Structure formats: C-alpha cells, structure tokens
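Numbering (this note's numbering), first residue to last: 1076 to 1399. The beta-carbon is built from N, C-alpha and C at its ideal position, and this holds for glycine as well. Keep in mind the model is a prediction, meaning the values are calculated, not measured. See structure below.
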Amino acid sequence: MAVITYREALNQALREEMRRDSNVFLMGEDIGVFEGAYKVTAGLLAEFGEKRVRDTPIAEEEIVGLGVGAAMVGLRPVVEMMTINFSLLAADQIVNHAAKLRYMFGGAVKIPMVVRMPEGGGHQLAASHSQSLAVWYAHIPGLIVVAPSTPLDAKGLLKTAIRDDNPIVFVENETLYNTRGEVPDGEVLTPIGKAEITRKGDDITIITHSRMLLVAMTAAKQLEEKGISVEVVDLRTLRPLDKQTVADSVRKTTRAVVLEEGWPTYGVSAEVAAFVQEMAFDYLDAPIRRIGGAEVPMPYAKNLEKAAIPDDQAVIAAVTKMVA
1076 MAVITYREAL NQALREEMRR DSNVFLMGED IGVFEGAYKV TAGLLAEFGE KRVRDTPIAE
1136 EEIVGLGVGA AMVGLRPVVE MMTINFSLLA ADQIVNHAAK LRYMFGGAVK IPMVVRMPEG
1196 GGHQLAASHS QSLAVWYAHI PGLIVVAPST PLDAKGLLKT AIRDDNPIVF VENETLYNTR
1256 GEVPDGEVLT PIGKAEITRK GDDITIITHS RMLLVAMTAA KQLEEKGISV EVVDLRTLRP
1316 LDKQTVADSV RKTTRAVVLE EGWPTYGVSA EVAAFVQEMA FDYLDAPIRR IGGAEVPMPY
1376 AKNLEKAAIP DDQAVIAAVT KMVA
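Okay, structure coming up:
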C-alpha cells in the first residue's frame, strides 16, 4: 500500500489506462509540454508522444466536440477542462451532444469519453474561477457524474470511467490534489454508482462528497469526543446516486445532515434530502439539515472566501443541535 497524493493517483490511472489500451488519448489546454495546470498529466507526453497527449487551443467547445467525434468512431478520449468554470463554454457539446447522441442514434453509437473538471474554492481565484458546478451536469440524463474524495477513489474511479462506454464528467476538487492516502499496488477499479460508508456511527449520518468528506471526517472525530457517534457516507458518484446505501444509513441513525461545498439551493444536498425524505421518512427523529456554501459569488478576500465555504465547526454546530 503506497501513500500517494490525489494528483499522483490520477496520473497513475491515466498512465496505466494508456498503456493498457492504445485507443485512450488525452486532450486539453497545456496538458502536454506544461504537464497540466495542476500537473496531473506530468510525464505523459514524454512517454506517449504528442499523438496521444494533445495540447489544444484555448477553445473548450472545440476540445469537447473533438472528443465526442473521436469517441463515436471508437477511440477513448480523456478531455481536460482547465477548470469546471471553463466547461460552461463547452456546455452545448457536453449537454446536447455527449449526453444525447447515444439515445438519439438509437444505441447505434457509443460515447466512451471522460471530461475531467477541477472545481471548488479556497485558492483566492475569485468568483468566476471558484465555483462548484458538478450538480449542473448531474441534472442531465445521459451523463454520469463522479466526484472522488480520496486518492484511492481518484485512481479507481478514473480507471473505471475510462473503460465505461458512456460520457462521464469527472469532477476533481482543486484542494484535494495535495492530499495523501493509501492506494494498493496493482489494479484498482472503484464501481460507479456505489457510495461508501467511510466512518460507522449510530447517532447521525453525514452524507457528503468530494472535498467535504475531509470536513465531515474532521467534524466526526471532534463530535466523538463529545459522545456523539457519527456515520459518514461518501457519495462518490453524483449521477447515478446510490440511494439505498444512504437510506439504510439514515434508517439506522435516524438523523441526517447533507454537506456540500456548492450552493445548497437546488444543489446536491437538495436532491439527497428529497430522496431521504421519500425513503426513510418514518425513521427520522429530526428534520434533515443541509449545509452548503454561502449563496453569494465566491469572494476574493481570503477571510470572506473562508467564511463562504463550509467548515468542521459549521458541521459540529448543526449536529450538536440535532442530537441534543
């Protein structure tokens, strides 16, 4: 079990899949010579050459459109958006082409492509570069949306995504790239659509994903010292959602907090709260609580940016009130 960073885990996944399947290739802005804005593609140009690690113009719609076409003829493109904010320029290709062509062609074509998108705040990149927009893509039938929280799942989910025959939006939180965790040697494949209970508990369930898993785990440890036993569920996949694992956990603990970095109104937490209400209403001993980012454009000032992103103290305050 090697201890590696989230960034290294993604790099390993790309490298292993490119070695395994010659149809896998990469496209994106500055991913070759510069090795990516977050250095996820470090060393891949040197190993695989510019035919399979393709630097592109700054033209997101064209990058994704080329990926859709390549996928339709049997290749397996992994397309990188420098940030999820820039993917808005490619929304037509993602939403109206990648997500719909298999359906519109009656299953005659497949779209085996992955679109990688870093998201999130905390780096003083201001309002238009710090958004958490994964839920926008999770709204779209025809897309699969994953958001790994750990190096293990970053590698396992990316490898699984590359082998899948459907278009997958692969969301990476920028704050996670330097986080470290154990990743087993050899093949690692994490199932899509399966949540994970990362901490067992009895008094309350926290449902979360991506960077907020770290916040939830930190809060759970502090709450344990207060005598409150917290179960933490990492969604890992946002579409499709693993409703059964979440509902079973809430039925056991009888209380639920849904935590996300993005805006909670119309967000991931809204969807999770809705199906928990449908599937576990008779078991609930308290109303479901949603915690998300402040519903403002992300501030640039460091203190205001920090205040806009949920932290462990916000979670502790909410849980303590619910369990008291």
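Exposed unless 16 or more other CB atoms sit within 10 angstroms - verdict on Leu1264: exposed
Cβ-Cβ distance between Gly1195 and Thr1116 below 8 Å: no
Can you tell which of Asp1240, Glu1335, Thr1273 has its C-alpha closest to the C-alpha of Val1189? Answer by Cα proximity: Asp1240.
Do you know offhand how far Val1184's Cα is from His1172's? 12 Å
When the Cα atoms are used, what is the spatial distance from Lys1126 to Asn1253? 29 Å
Tyr1212, buried or exposed, once every other Cβ within 10 Å from all chains shown has been counted against 16: buried
Do Leu1334 and Val1290 have their C-beta atoms within less than 8 Å of each other? yes
Locate the alpha helix (DSSP H) running through Ala1295, then write down its first and last residues. 1287 to 1300
To test your reading of the DSSP string, which unbroken alpha helix (DSSP H) runs of 4 or more residues are found completely within the stretch 1114 to 1192? 1119 to 1123, 1135 to 1147, 1176 to 1179
So the beta strand (DSSP E) Val1258 belongs to, where does it begin and stop? 1255 to 1258
Whether Arg1151 touches Leu1218 by CB criterion (8 Å): no
When the Cα atoms are used, what is the spatial distance from Val1153 to Leu1164? 18 Å
Alpha carbon of Leu1120 to alpha carbon of Arg1364, nearest angstrom: 46 Å
Identity of the residue in Pro1259, Ala1236, Gln1168 nearest Met1076 by Cα: Pro1259
Please give the ranges of any alpha helix (DSSP H) in the stretch 1304 to 1391, keeping only runs that are unbroken, at least 4 residues long and fully inside the region. 1318 to 1328, 1343 to 1355, 1377 to 1383
Between the alpha carbons of Glu1091 and Ser1097, how many angstroms are there, rounded? 11 Å
Which residues mark the beginning and the end of the beta strand (DSSP E) in which Asn1098 is found? Premise fails: Asn1098 is in no beta strand (DSSP E) and is neither H nor E.
Which residue marks the beginning of the alpha helix (DSSP H) containing Ile1243, and which one marks its end? Taken as a continuous stretch (DSSP letters only), Ile1243 belongs to no alpha helix (DSSP H), being part of the beta strand (DSSP E) at 1243 to 1248.
From Pro1266 to Ala1369, what distance separates their C-alpha atoms? 32 Å
Out of curiosity, what's the CA-to-CA distance linking Phe1356 and Val1128? 50 Å
Could you tell me the boundaries of the alpha helix (DSSP H) in which Ile1267 lies? It is not in any alpha helix (DSSP H) - Ile1267 carries neither H nor E in the DSSP assignment.
Inter-residue CB distance, Glu1336 and Ser1207 (contact presumed, cutoff 8 Å): 5 Å
I need the DSSP call for Glu1110, collapsed to helix, strand or coil. coil
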